[in-house]
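Residue numbers (UniProt numbering), protein chains in the order written: chain A, 1 to 344; chain B, 1 to 344; chain C, 1 to 344; chain D, 1 to 344. Encoded as structure tokens, the structure appears first; notes follow it.
Number of protein chains: 4
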Amino acid sequence: MNVGIVGSTGYGGVELHRLLSNHPAVVECILYSSSLKGDSYAGQYPHLTGLTNGRIREIQIDEMKELDAVFLAVPAGISKEMTPKLLDGKAKVIDLSGDLRLQDPKEYEDWYKGGAADPAVLKEAVYGLTECNQVAIKEADLIANPGCFPTASLLALAPLIQNKLIKPDSIIIDAKTGLSGAGRKPSLSGHFSETQENLRIYKVHEHQHTPEIEQQLKRWDADTGPITFSTHLIPMTRGIMATVYCDLQKEKTTGELHEEYRRFYSGSPFVRIRPIGQYPGTKEVFGTNFCDIAIKADSRTGRVTIVSVIDNLIKGAAGQAVQNMNLLFGLEETAGLHYYPIYP
Amino acid sequence: MNVGIVGSTGYGGVELHRLLSNHPAVVECILYSSSLKGDSYAGQYPHLTGLTNGRIREIQIDEMKELDAVFLAVPAGISKEMTPKLLDGKAKVIDLSGDLRLQDPKEYEDWYKGGAADPAVLKEAVYGLTECNQVAIKEADLIANPGCFPTASLLALAPLIQNKLIKPDSIIIDAKTGLSGAGRKPSLSGHFSETQENLRIYKVHEHQHTPEIEQQLKRWDADTGPITFSTHLIPMTRGIMATVYCDLQKEKTTGELHEEYRRFYSGSPFVRIRPIGQYPGTKEVFGTNFCDIAIKADSRTGRVTIVSVIDNLIKGAAGQAVQNMNLLFGLEETAGLHYYPIYP
Amino acid sequence: MNVGIVGSTGYGGVELHRLLSNHPAVVECILYSSSLKGDSYAGQYPHLTGLTNGRIREIQIDEMKELDAVFLAVPAGISKEMTPKLLDGKAKVIDLSGDLRLQDPKEYEDWYKGGAADPAVLKEAVYGLTECNQVAIKEADLIANPGCFPTASLLALAPLIQNKLIKPDSIIIDAKTGLSGAGRKPSLSGHFSETQENLRIYKVHEHQHTPEIEQQLKRWDADTGPITFSTHLIPMTRGIMATVYCDLQKEKTTGELHEEYRRFYSGSPFVRIRPIGQYPGTKEVFGTNFCDIAIKADSRTGRVTIVSVIDNLIKGAAGQAVQNMNLLFGLEETAGLHYYPIYP
Amino acid sequence: MNVGIVGSTGYGGVELHRLLSNHPAVVECILYSSSLKGDSYAGQYPHLTGLTNGRIREIQIDEMKELDAVFLAVPAGISKEMTPKLLDGKAKVIDLSGDLRLQDPKEYEDWYKGGAADPAVLKEAVYGLTECNQVAIKEADLIANPGCFPTASLLALAPLIQNKLIKPDSIIIDAKTGLSGAGRKPSLSGHFSETQENLRIYKVHEHQHTPEIEQQLKRWDADTGPITFSTHLIPMTRGIMATVYCDLQKEKTTGELHEEYRRFYSGSPFVRIRPIGQYPGTKEVFGTNFCDIAIKADSRTGRVTIVSVIDNLIKGAAGQAVQNMNLLFGLEETAGLHYYPIYP
């Protein structure tokens, strides 16, 4: 397979490059960027010295259409323009941006503060939460790869919602992320001295991943009410944790819920349900496509707490995109994703 | 005033030493420890080279009773033994441990897994959440200084609960702390290589600060139900953030709630209510006794999110203890606590 | 005293503000900035909420001339323009930039890649390495406040060079700094995700602090040869360590050298010579004006290693500037600088 | 191949496990530990959940002798006892401890403060600095795998020393390491709150890696004098940087030296000589077996500065051990070591 990465100079792009360059089915991985065409990739990312002599190429739609797959690792606002031009080509498109995830244009406009993508394109876009949407993904030409927070949150909630175990208007998600989620562009909020030894909350009730989570929850249970969703910046580079709180419909023990989760994810190679009483840390999935989950019921309150962790750049972006590519092309779901966490 | 610190070699102890050594009303600050008697304090803490030539003394009850105030910065289980012996002396006692905070011995036994303090001692102990208990503190001989998480959580909740603005069984507190809260004793969970670039949750539904928060909430509103409380370890040294979620009784705007908070804390020099839309980071209170709070209502969900941050070793321990000492002795509440945050 | 800070929105500026706002001799501290005039200072630095209601003012030379002291916490290139206009006023000027430190204009042009200041102004400028230049500082109207690396390096070397104990062409300085030294302006090299879990070297043999160190060493011993100087970026916010290597002229024991250092700095309240065998960490001076030094001879090689640490924003910038202000105005050298390190 | 790891519960051990479990020539990887026999390995290291169901086994010499290779990832003092018992078996032994590196027992006793290994065993031990000792390694039965600091330092120095380009008594190595080098055992010096935002120097002139470096340098040039070697603790988990300073024998330009390095390492797949003017950061080799090197001459001083970085747990320990295993068994030198750095 020949694949292309648009937005190759961002953190999502460089992680895609790492995974695809080592993928058994990928022959060539072409790097595109709007801003740095002609530059050597290892010049932008010196850690790749000796590993690639690729150069960054100008975005050329015609060339990209002839590839097998194109990954769009671009900021919101770009792929809604680019995707329609690509769709009549040979290439399957995997969009890592938020542009094609929300089926309701009004939601996009409200939360992203910009015009939504063409409804015809949106209709083509299959939501790529791999564990929960395998059939549709295998048939798709266009994948809307989930956001990092929605991935962690939805995998935490799927067994409960699909089995109607919780009150559908009781969902609160307290999410925490490392800094790499904000990308490579320098900013005051990502400046080391402002960030180190600091813990911050941002976009309270206003994060654009909120409607993405709600949309998928409603597909699973139409009664799902609006969620409360907050996001925190943790002084670390990689990793997301979603701590999810809900009211149980009926009393359930931790053991019963744990068994439910194990069953639900028994065929999912990248979801690891932790033993009762053991909670995952983000470092335990560092560098991998795993989502690790723990669950605990509380008879005192009738609530349940679910904890899920991912590496935001992998299961939350590039890794899940490759996992989706694997399904799109009939490969093993785990192809090119057999990494152990780097620990410590 | 002559004061003593028991447990002076821990992080709470060394922070007390810093504050008390620079306190305008304190003449002498004597250091006690069960384990390192005779050692120079600067030998234990080389950052104090040239600032003190104090030596660590053996714990001597008779000597301590003659001081003006004794601070017990000891692990749970110690002060319940030591306090009764001190109480018939001259010294006022400020206990920073969890031993004297829970009035119901059963609660202590359930959550601390040990025998509770003598009920007579518990009866003497006044809960030292300074902003909310000034009258009783001024009259007290024995202060149960609040835990770090309860301080951040209760200050976040007080205006809502006291004014019955939220549903009393809807409280969820997602708390996050830096590593210094776990003390100076080396452990695997506090080992740098296990901690850096890691985000962990611990003691889910089981943290011993849970009943302490509930007890105080029930004093304010007897209808308060059990809370959901979880705690996370952040790869930083100092700082606590409590992100608190509740259902509003009636719809309120952020502006109305913000005004309520400003009014509630108008006489509290260490509580800073942030402007609407600005959220505090822990680094913005680093090295100070401040508790910074932001509040945001969500009309979509009918919920409210409150964020409060403190320096866990100061407002969450040593600083609040000194603030209580100031009230006990009729000093200015802010005496010895006029520090600017160290930033960045 | 009424004082002004030009460049108040940078990290040097905000640290000056902290120190001067709490200084016993300072009545008013006026904030100037070329870029953010009219803004509230606490808007720029929310950690100052409630501590100041100061606003940032436009730079006005005539107004500044009437102050008692003006601190220029500006990037290189600005103060060489501004200082001449200020010098005929009442205000004493303390320049924290590199513009006025090098007496030889050629050196400035070579290392700073720009035009040097007016020689007449340079002649007025007294080098403010406080411990080593007290007489001249007390008489000065204009202080060239030392750079952060030169402060740590020169205090490490002064006793050896002034006593001709080392070979004057054998000096190698391996310097390490936290990120705050690079200022508040966002950049890729200061971006958290590029910086965390990373150790980098920069400006090898090319750092503009090299001639500043050499100039002062040559004042002490005209035979001093060119030094080797390298600088490293450490993933932390504050702190500098200079590890200095030299060849001894004659064999000396660590004990003899240690005694020399203790004698040399016996009248210096901010230099702490550590006991033999104990080495300072940067965190042990965090938040203070201290410079902590250790020394060790090596009979195997005939060399000596000296280690010195400072808080780069305090002894390496704002703190030393205040220390110099104290001398300029006949105050206690330590006035307004009595801080304990924040530890841990 | 069937291989065993003794000391599998330490950081060196778990990194060996990661590399060997993914090595194309390794069939089984058996885990030994003196302390935790019977425990599941994923219980000790939850990041391995689902990746291994291995259990930790008691150390059994007879069983280990029948393996193809045994890795000793144990503290100093253990392998000198264990190796003699293993050597008459089938297994090739790769010792990652310091016990078998120093050929002169006197040196071991002086620097390690303990009794040296049996001289007969020492004679068998081939020093496993892979790039520089390929012929002997291929013939060996017993490898003394180099220390982390010696690896970074010697690879930085080899081209200069072997070509007699520097004055052999002028070598100063300023080394810096992340915390994982100190192992997994909790200690005050590795405690997060003592370490974060701290930069420390330790074992000045006394580090046990000093004679190891000197021994190898003397093999290359018998005139090499004693070196000055210092080590610093950086608040990060992984990574070593050696900044090496020497006097050039004759003036050389950076370009000439750079060319020398490129030639010297042209056949070394894991050494990357950086372009002139570009300096490696430790994060750029994170998770890999690379050693990245930059060099810069200084005509002002006649000195040269060399910078080399490695991942201390890989090229500085487990990775180099596997690289040596590859040579011992006639495999490709890079087998099982094709990893890209994880960045950011």
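A virtual CB, placed ideally from N, CA and C, is assigned to each residue, including glycine. Values in this document were obtained by computation on a predicted structure and should not be read as measured data.
Item to complete: Report the three-state DSSP secondary structure of Tyr279 of chain C (helix, strand or coil).
Response: coil
Worksheet entry | CA-to-CA distance, Thr334 of chain D to Glu197 of chain B, given in whole angstroms | When rounded, the distance between both Cα atoms is 29 Å.
Worksheet item: For Thr210 of chain A, which three-state DSSP category applies?
Response: helix
Discussion item. Which residue wins for smallest C-alpha separation from Thr195 of chain D, given the options D:Ile306, D:Thr237 and D:Asp104?
Written reply: D:Thr237
Item to complete: Starting from Phe192 of chain C, find everything on chain A with Cβ-Cβ shorter than 8 Å and list it in chain order.
Response: Leu179, Gly190, His191, Phe192, Thr195, Gln196, Pro235 and Thr237
Worksheet item: With a cut-off of 9 Å, does the C-beta of Gly281 of chain A fall near any C-beta of chain D?
Response: Interface residue (Cβ-Cβ distance to chain D less than 9 Å): Gly281 of chain A is classified as such.
Worksheet entry | Continuous alpha helix (DSSP H) assignments of at least 4 residues falling wholly in the UniProt domain "Semialdehyde dehydrogenase NAD-binding" (2 to 140) of chain B | 11 to 21, 41 to 44, 61 to 65, 79 to 86, 105 to 112, 119 to 124 and 134 to 139
Worksheet item: Mapping DSSP to helix, strand and coil, what is Tyr245 of chain C?
Response: strand
Worksheet item: Quick one, which of D:Ile227, D:Glu256 and D:Gln323 has its alpha-carbon nearest Val271 of chain D's?
Response: Nearest C-alpha to Val271 of chain D: D:Gln323.
Item to complete: Using a Cβ cut-off of 7 Å, pull out every chain F residue sitting near Ile172 of chain A, in sequence order please.
Response: Going by chain labels, chain F is absent from the structure shown, which instead holds the protein chains A, B, C and D.
Discussion item. Please state the DSSP three-state secondary structure of Ala294 of chain D.
Written reply: Correct three-state label for Ala294 of chain D: strand.
Worksheet item: In or out: Asp311 of chain C buried (at least 16 other Cβ within 10 Å) or exposed?
Response: buried
Fill in: chain C residues whose Cβ lies nearer than 8 Å to that of Arg274 of chain B
Pro46 and Thr49
Fill in: Classification of Arg300 of chain C by the beta-carbon crowding that lies within 10 angstroms, buried from 16 upward
Arg300 of chain C is exposed by the Cβ-count criterion.
Worksheet item: Who are the near neighbours of Lys283 of chain C in its chain, counting only those whose CB is closer than 8 Å to its CB and skipping five residues on each side?
Response: Gly239, Pro341, Tyr343 and Pro344
Practice prompt. Give the DSSP bridge partners of Phe329 of chain D, in chain order.
Written response: According to DSSP, Phe329 of chain D bridges with nothing at all.
Discussion item. Against chain B, does His338 of chain C count as a neighbour if the rule is that its beta carbon must be under 9 Å from one of theirs?
Written reply: True, the Cβ-Cβ gap to chain B drops below 9 Å.
Worksheet item: So, using beta-carbon positions, are Leu19 of chain B and Ala318 of chain B closer together than 9 Å?
Response: yes
Item to complete: Give, in chain order, every residue of the UniProt domain "Semialdehyde dehydrogenase NAD-binding" (2 to 140) of chain D whose Cβ lies closer than 8 Å to some Cβ of chain A.
Response: Tyr11, Val14, Arg18, Ser21, Asn22, Tyr45, Pro46, His47, Leu48, Thr49, Gly50 and Leu51
Worksheet item: Exposed or buried, which one is Asn2 of chain A when buried takes at least 16 other CB atoms within 10 Å?
Response: Counting every other CB atom within 10 Å of its CB across the protein chains shown gives Asn2 of chain A a total below 16, marking it as exposed.
Item to complete: Tell me, please, whether the region 93 to 110 of chain B touches the region 34 to 53 of chain B by the rule of three or more beta-carbon pairs shorter than 8 Å.
Response: Flag = no, the region 93 to 110 of chain B and the region 34 to 53 of chain B do not touch.
Worksheet entry | Beta-carbon separation (whole angstroms), Tyr11 of chain B vs Arg184 of chain B, contact threshold 8 Å | Sure, about 5 Å apart at Cβ, within 8 Å.
Discussion item. Ignoring anything shorter than 4 residues, give me the alpha helix (DSSP H) runs that lie fully in the region 216 to 264 of chain B, in order along the chain.
Written reply: Runs of the alpha helix (DSSP H) lying entirely within the region 216 to 264 of chain B and spanning at least 4 residues, in chain order: 254 to 264.
Practice prompt. Note down the Cα distance separating Ser35 of chain A from Gln44 of chain C, rounded to an integer number of angstroms.
Written response: 31 Å
Item to complete: Tell me whether Arg263 of chain B is buried or exposed, calling it buried when 16 or more other Cβ atoms sit within 10 Å of its Cβ.
Response: exposed
Worksheet item: In terms of residue numbering, what span does the beta strand (DSSP E) encompassing Leu142 of chain D cover?
Response: Leu142 to Ala144
Worksheet item: Quick one: what's got a C-beta closer than 7 Å to Gly13 of chain A's C-beta in the same chain, skipping five residues either side?
Response: Ile5, Gly7 and Ala73
Discussion item. I'd like to check one pair, Ala175 of chain A with Phe149 of chain A: are the Cβ atoms closer than 9 Å?
Written reply: Closer than 9 Å, so yes.
Practice prompt. Compare the C-beta of Pro341 of chain B against all C-beta atoms of chain D and say whether one is closer than 9 Å.
Written response: no
Practice prompt. For Gln278 of chain A, count neighbouring C-beta atoms within 10 Å of its own C-beta (all shown protein chains included) and say buried if the count is 16 or more, exposed if not.
Written response: Looking at its Cβ environment, which holds fewer than 16 other Cβ atoms inside 10 Å, Gln278 of chain A is exposed.
Discussion item. Is the separation between the beta-carbon of Ala297 of chain C and that of Glu259 of chain C shorter than 9 Å?
Written reply: Against a cut-off of 9 Å, the Cβ pair of Glu259 of chain C and Ala297 of chain C comes out as no contact.
Worksheet item: Going along chain B, which residues have a C-beta under 8 Å from Pro186 of chain D?
Response: Pro186, Ser187, Leu188, Gly190 and His191
Worksheet entry | Rounded separation between Glu81 of chain C and Ile94 of chain C - CA only | Cα to Cα, Glu81 of chain C sits roughly 14 Å from Ile94 of chain C.
Worksheet entry | C-beta neighbour in chain B for Leu257 of chain A, strict 9 Å | By this cut-off, Leu257 of chain A is not an interface position.
Discussion item. Can you confirm whether Phe286 of chain D, when its beta carbon is compared against all beta carbons of chain A, has any partner nearer than 9 Å?
Written reply: Closer than 9 Å: yes.
Discussion item. Less than 7 Å between C-beta atoms, sequence neighbours within five positions excluded: which residues of the same chain meet that for Pro168 of chain A?
Written reply: The residues are Asp221, Asp223, Thr224 and Gly225.
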